[in-house]
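S.K.: For what it's worth, the working numbering labels the leading residue of the sequence shown as 1, then goes sequentially.
Each residue gets a CB set at the ideal place from its N, CA and C atoms; glycine is no exception.
Small disclaimer: the values here were computed from a predicted structure and weren't measured.
My questions all concern the structure below.
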Amino acid sequence: MRVAAHTLGCKLNFAETSHLLRQMAEQGHNIVDFHSEADLYIINTCTVTAIAERKCRTAIRQAVRQNPQAQVAVIGCFAQNERGQIEKIPGVTIILGNDEKYRLAEIVSGQHKDTCTKRANDDGRWEFSPAWSSGDRTRAFLKIQDGC
1 MRVAAHTLGC KLNFAETSHL LRQMAEQGHN IVDFHSEADL YIINTCTVTA
51 IAERKCRTAI RQAVRQNPQA QVAVIGCFAQ NERGQIEKIP GVTIILGNDE
101 KYRLAEIVSG QHKDTCTKRA NDDGRWEFSP AWSSGDRTRA FLKIQDGC
């Protein structure tokens with residue numbers, strides 16, 4: 001499966017996106033640029049400002065336009081705070097808040113194409129993830145907290 005990701009917001013979001021892409025790569029998926037055609041688009045979102053929310057909606061619609069048959073996973077703060085808004089956007093298949101987004105790889109591996117919206121249930125466990133860098137970044141991010 002070809003996987004593309006777009007990150008909005010803080011350094012924490014970039015660290016989490018890198019971690020998720022590493023998980024996907026370890027499962028044998030190919031990581032591609034967000035502007036390429038993919039089978040799964042991951043959009044890690046932010047809601048600090050109204051502009052950030054607008055950028056989230058724009059990124060979601062862009063992913064759906066690029067490949068209407070692809071799965072589109074919206075994760076992060078926007079998914080946490082504005083789930084109802086996201087559910088109204090045609091083409092979104094996965095919506096995971098901050099406590100749920102770490103299970104994206106396992107959800108994707110077991111999800112069927114006809115599932116409209118799937119949400120994980122968090123059991124409260126927190127696992128350490130080693131630092132890792134994706135794409136053209138020369139520095140790795142090490143997560144030390146959740147949230148803004």
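1. If I follow the unbroken alpha helix (DSSP H) through R80, where does it start and stop?
2. Please go through the same chain and pick out, in chain order, the residues whose beta-carbon is closer than 8 angstroms to the beta-carbon of E82, but skip the five residues on each side of it.
3. Hey, which unbroken runs of the beta strand (DSSP E) at 3 residues or more fall wholly within the stretch 31–77?
4. Quick check on DSSP: helix, strand or coil for I94?
5. Rounded to whole angstroms, what is the Cα-Cα separation between L40 and H19?
6. Less than 8 angstroms separating the beta-carbons of G9 and T45?
7. When DSSP labels each residue in this structure, what does A5 get in the three-state scheme?
8. My guess is that A70 and F34 are in contact by the Cβ rule of under 8 angstroms, so how many angstroms apart are they, rounded?
9. Could you tell me which of F14, L21, K11 and T17 sits nearest to A1, measuring between CA atoms?
10. If you follow the alpha helix (DSSP H) that G110 is in, where does it begin and where does it stop?
11. Pick out whichever of I43, T93, I75 and E37 has its Cα sitting closest to the Cα of N67.
12. Who are the near neighbours of G97 in its chain, counting only those whose CB is closer than 7 angstroms to its CB and skipping five residues on each side?
13. Select from I42, E26 and I107 the residue whose C-alpha is nearest the C-alpha of F14.
14. For A15, name the three-state secondary structure that DSSP assigns.
15. Just verifying my parser: in three-state terms, what is the DSSP assignment at I86?
M.R.: Based on what the coordinates show:
1. Position 80 of the sequence shown, counting from 1, holds the residue named residue 80. The sequence shown places Gln at residue 80, rather than the Arg named in the question. Per DSSP, the unbroken alpha helix (DSSP H) holding Q80 starts and ends at C77 to N81.
2. Your numbering for residue 82 matches position 82 in the sequence shown. Closer than 8 angstroms at Cβ, skipping near neighbours: T47 and E53.
3. 40–45 and 71–76
4. Counted from its first residue, the sequence shown places residue 94 at position 94. I94: strand per DSSP, three-state reduction.
5. By 1-based counting over the sequence shown, the position of residue 40 is 40. By 1-based counting over the sequence shown, the position of residue 19 is 19. One C-alpha to the other measures close to 16 angstroms.
6. Sequence index remark: in the sequence shown, residue 9 carries index 9 (1-based). Sequence index remark: in the sequence shown, residue 45 carries index 45 (1-based). Yes; because the gap between Cβ atoms is below 8 angstroms, this pair is in contact.
7. Position 5 of the sequence shown, counted from the first residue, corresponds to residue 5. Looking at A5 - three-state DSSP - the assignment turns out to be strand.
8. As a first step, residue 70 must be located in the sequence shown, where it is residue number 70. As a first step, residue 34 must be located in the sequence shown, where it is residue number 34. Incorrect: roughly 12 angstroms between the Cβ atoms, too far for contact.
9. Residue mapping note: residue 1 aligns to position 1 of the sequence shown, counting from 1. The identity of residue 1 in the sequence shown is Met, whereas the question assumes Ala. Out of F14, L21, K11 and T17, L21 has the C-alpha closest to the C-alpha of M1.
10. Here residue 110 is taken as the residue at index 110 of the sequence shown, counted from 1. It spans L104 to G110 - the alpha helix (DSSP H) in which G110 sits, taken as one unbroken run.
11. In the sequence shown, residue 67 corresponds to position 67, counting from 1. It is E37 whose Cα lies nearest to the Cα of N67.
12. Here residue 97 corresponds to residue number 97 of the sequence shown, with the count starting at 1. Hits under 7 angstroms: A79 and Q80.
13. What you label residue 14 is simply residue 14 of the sequence shown in a count that begins at 1. Taking each of I42, E26 and I107 in turn and checking the Cα distance to F14, the smallest one comes out for I42.
14. For the purposes of this step, residue 15 is identified with residue 15 of the sequence shown, where counting begins at 1. Of the three classes helix, strand and coil, the one that applies to A15 here is helix, per DSSP.
15. As a position in the sequence shown, residue 86 is number 86, starting the count at 1. It is helical.
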